[in-house]
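Note that full-length UniProt numbering gives residue 37 to position 37 of the sequence shown, counting from 1, and the numbers run on in steps of one.
We treat Cβ as the ideally placed atom computed from N, Cα and C, and that holds for glycine.
Being a predicted model, the structure only gives us computed values, none of them experimental.
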Amino acid sequence: MNDISNTIVIQASENVDLTAICSQIESNNPSILNANVIINLNFYTDLNNKNLKIFLPIFKNFKKNNKSIVLVCEHVDFNIISDKFPFVPTLQEAYDVIEMEAIERDLGI
């Protein structure tokens, strides 16, 4: 199964806060709920565990539904961000994570 073709990329802009992004994802829009999601947060320069915790329920929900959600930000300090947050520095790596997670699900890992 190719989960890459069933992936939505949300391009966050600098004037949109993280709460608005979460609301968009939680809107019960079937196209989002039934897809893998990549959120590009490259405009954000002050990401930390405190302001990212708003995403935790969404991450759990996606995992429960056998879907992936990945955050992209090239200038986040990966040493201070919890591994609870699926962060990668590039869009290509986000697609790679989704593909790896799909393989893990297929193998029952």
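Query                                                                                                        : Result
F55 (DSSP reduced to helix, strand or coil)                                                                  : helix
Span of the beta strand (DSSP E), counted from its first residue to its last, around V16                     : Unbroken run through V16: none, as it is neither H nor E.
N29, DSSP secondary structure in three states                                                                : coil
Host beta strand (DSSP E) of V70 (start-end)                                                                 : I69 to V72
Other residues of its chain near V70: CB distance less than 7 Å, five sequence neighbours each side excluded : I38, P86, V88, A94, V97 and I98
Nearest-angstrom Cβ-Cβ length linking C73 and N42, presumed shorter than 8 Å                                 : 6 Å
Burial state of F62, where buried means 16 or more other Cβ atoms lie within 10 Å                            : buried
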